[in-house]
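**Q** Protein chains in written order, with our numbering: chain V, 435 to 573; chain X, 878 to 1403. Even glycine gets a Cβ: it sits at the ideal position worked out from N, Cα and C.
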Amino acid sequence: MMLKNKDILLIEDDSIDVMSFKRALVRLEIKNNVRHVENGEEALAYLSNSENSKPGIIFMDINMPRMTGPEFLKMALEMKLIGCIPVVVLTTSREEKDKIDCFHLGISGYMIKDIDFEDFVITMRTIFNYWALCESPGL
Amino acid sequence: MNNQIYTDPVKLTQSIFGKLLITMVMLLLLIIVIFTTIQIQSEKNILVMKVNENISEMKLNIQREGRSFSNSLGRLTENSIASYDFFALFESIREAVDLEPNLSYAILMNKERKALLHTDRPDLEQEILVKNYDIFASQQERPVFQEHVSDQITYLEYVFPIQISTSTWGHLRLGFSLIALEKKIEYSENEIKKQIRRIVFRSVVVAGIFMILGTFVVFLLSRKISRPISVLTAYSIELANGNYGFKPDKKLIGKDEVGRLTSSFGMMATNIKNANDQLEGYSHNLEKKVKERTKELESVNQELKNFAYIVSHDLKAPLRSIGSLASWLKTDYEDKLDDVGKEQLDLLVGRVNRMHALIGGILQYSRVGKVEEITARVDVTFMLNDVIDILNSPKNIKISLDTDFPTIDFEPTRIQQVFQNIISNAIKYIDKPKGLIHVGCKSHGEYWEFYVSDNGPGIDKKYHDKVFQLFQTLQSKDSYESTGVGLSIVKKIIETNGGRISIDSIVGKGTTFKFLLLKGKNDVKK
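1) Which same chain residues end up closer than 6 Å to residue 1146/X when comparing Cβ atoms and leaving out the 5 residues on each side of it in sequence?
2) Going by the beta-carbon positions, is the gap between residue 1317/X and residue 1387/X smaller than 9 Å?
3) Is there a C-beta anywhere in chain V that falls below 9 Å from the one on residue 1181/X?
4) Per DSSP, residue 1146/X forms a beta bridge with which residues?
5) Determine, using beta carbons only, whether residue 505/V and residue 543/V come nearer to each other than 9 Å.
6) Can you tell me whether residue 1066/X is buried or exposed, with buried defined as 16 or more other CB within 10 angstroms of its CB?
7) Alpha carbon to alpha carbon, how far is residue 440/V from residue 481/V? Give it in angstroms, no decimals.
8) To the nearest angstrom, report how far apart residue 1309/X and residue 489/V are at their CA atoms.
9) Can you name the start and end residues of the beta strand (DSSP E) that residue 1341/X belongs to?
10) Return the chain-ordered list of same chain residues with a C-beta closer than 6 Å to the C-beta of residue 1199/X, the five sequence neighbours on each side being excluded.
11) For residue 1219/X and chain V, any beta-carbon pair shorter than 9 Å?
12) Does the CB of residue 505/V have a neighbour CB from chain X at under 9 Å?
13) For residue 1105/X and residue 895/X, what's the separation of their Cα atoms in angstroms?
14) What's the call for residue 531/V, buried or exposed, on a 16-neighbour Cβ count within 10 Å?
15) Under 8 Å by Cβ, that's how I've got residue 459/V and residue 452/V pegged, so tell me the actual separation to the nearest angstrom.
16) For a contact meaning CB atoms closer than 8 Å, what does residue 551/V contact in chain X?
17) Does the structure place the region 926 to 943 of chain X close enough to the region 958 to 974 of chain X that three or more beta carbon pairs sit under 8 Å?
18) If the cut-off is 9 Å on Cβ atoms, which residues from the region 538 to 563 of chain V count as contacting chain C, listed in chain order?
19) Give, in chain order, every residue of the region 442 to 460 of chain V whose Cβ lies closer than 9 Å to some Cβ of chain X.
20) Exposed or buried, residue 1050/X, counting other C-beta atoms within 10 Å across all chains shown (16 or more means buried)?
21) Does the region 1070 to 1078 of chain X come close enough to the region 955 to 963 of chain X that 3 or more CB-CB pairs lie under 8 Å?
22) Between residue 497/V and chain X, is the shortest Cβ-Cβ distance under 9 Å, so that the two count as touching?
23) How big is the Cα-Cα spacing for residue 1220/X and residue 559/V?
24) Let me know if residue 548/V comes out buried or exposed under the rule of 16 or more other beta-carbons within 10 Å of its beta-carbon.
25) Whose C-beta lies closer than 6 Å to the C-beta of residue 1347/X among residues of the same chain, with five residues either side of it excluded?
26) Quick check: residue 1256/X and residue 1402/X, are their CB atoms within less than 9 Å of each other?
27) With DSSP as the reference, identify every bridge partner of residue 980/X, one or two as the case may be.
28) Specify, as a first and last residue, the run of the beta strand (DSSP E) that residue 1419/X falls within.
29) Using beta-carbon positions only, say whether residue 511/V and residue 539/V come within less than 9 Å of one another.
30) Should the region 1049 to 1064 of chain X be called in touch with the region 975 to 990 of chain X, which here means at least 3 C-beta pairs below 8 Å?
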């Protein structure tokens, strides 16, 4: 299975969104470790560090200080840090341009952060159900 | 207006120079012909007069000569008759006829017109003469001249009555032939003809010379007159072609009226050029300004877009956090909160949701006309059925499409937004147990006229403008889920695409939204 006990990497600068994310995982009874970094730069540093285990999935915001989501993704792809890890964008932006930019960078999903927490939980459930079922390459 | 500039050379017959030349040469020719004719005629008259004078003088000469000759011969005859010496008389008369070259004949006849002597016709001697002129001669009492023609020869006859003792015995008639005179006249006439021929030749030569000289002068004159005009013409053509720098040769212009015209023309051209330069300067400036303004506008536009983005992300994020926190408070502290606290938290979440919707509305509204959508073929019937599906109206509301709809070129999501917003409004506000919504379309000149009518509560006329304003709603925001953005977006979409929207409504009976959309070239009405 794709996720098993692998870590989840969350790239998000808004602490309440982080809380929201973690609460959703608690609600969904997902026990995987959540590794949280606050922007693209930190994410690059995290992924480059060989001491850290490779995450099973990456959730990232688009608008972040220092390095935005797409900027991070571009760098990470160039540095071959992503490999087969699915990247899901969690954002408030409905801009067509943002969607196109991200999909061109090979993301696996683009989710809008709902205003309602319950709706957010439903979104998260769908994502995890999907990726829990998804077969990963045997690396 | 004919804007053609004639730059091809003017035909000679059409040019002023040509016209002048032809007219003046014609005039010259006419004058020379008239003068030559008059000259010839008058010279001929003078010649004829001279000849006539000559002839009459000659005639007088003959008469004078004849008279003196006849008088002497007449005396001799009278004497001879008195002395009955006829033989000697006849001899001397015959002698006189032989000697005198002009004297052709002599007739002596008595009172009874019996010819005693007839030098010309001796056979008539002793006969009575009966011709008219014989009778005329016999009647004369005094010496007289008569002219008569005999055998095609004109004779001038001198009739001399012979008086014997106061009574007329008979007549002596001396005929002078006018052959010499006629010869002279004929000669003179020939001479006149020759003379006239000479005169005509001379006149024609003179006229020819005059003609050549005249033509030359006329040519020079015509050129002198027409050249400034030609220069002016060339000048005006250059100006018409926008060559304001062209300056004609001053020597060719002259100082006459045309010259002045050319000078003032040049002045005008200079003024035009100056004005043009000024205009060009202005337009250049204007262009620069327009560019600057456009740049400014572009940057403002960009800022606006950025602003919309900032609103979308940065305003929504804390709002969402507030919402999340409120709902967590409610779940985490459920046992510690009383009903009032819970209700207030619910109200808080509700307002957060409304603000979220407002922000979404602003974004949608600001995107209309800014974000370019791709125009595509839209089958309006198909699209309307889609909209009806999406809206999923309650069972008590019936939506019917009254007419066929065209296929138009439009931004698909925009046209859908228009119908969706209007129809959803109708659904939302219908207050009758059986709701009826009608949608239709008809061709209206260069527009398609669409309508959506309902049997809802209607809108008072004083609110017809208000419903299209951003964030304006007629009902309290709590009673209906409404942000007041929908119709603003509808209006903006229609007007950005060159259309108009209006409301017909009777309060209590229903509302009809009518809107016009400009027809496209490829629109097809089913």
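**A** According to the structure shown:
1) 1116, 1121
2) no
3) no
4) For residue 1146/X, which the question treats as bridged, DSSP gives no partner whatsoever.
5) no
6) exposed
7) 14 Å
8) 58 Å
9) No beta strand (DSSP E) contains residue 1341/X, which DSSP labels as neither H nor E.
10) 1229
11) no
12) no
13) 14 Å
14) exposed
15) In fact, because the Cβ distance is near 11 Å, the residues do not count as touching under 8 Å.
16) 1200, 1201, 1204, 1205
17) no
18) Here chain C cannot be found, since the structure's protein chains are V and X.
19) 448, 449, 450, 451, 453, 454, 457
20) buried
21) no
22) yes
23) 28 Å
24) buried
25) 1365
26) no
27) 1053/X
28) No information on residue 1419/X is available, as it lies outside the stretch 878 to 1403 that chain X covers here.
29) yes
30) yes
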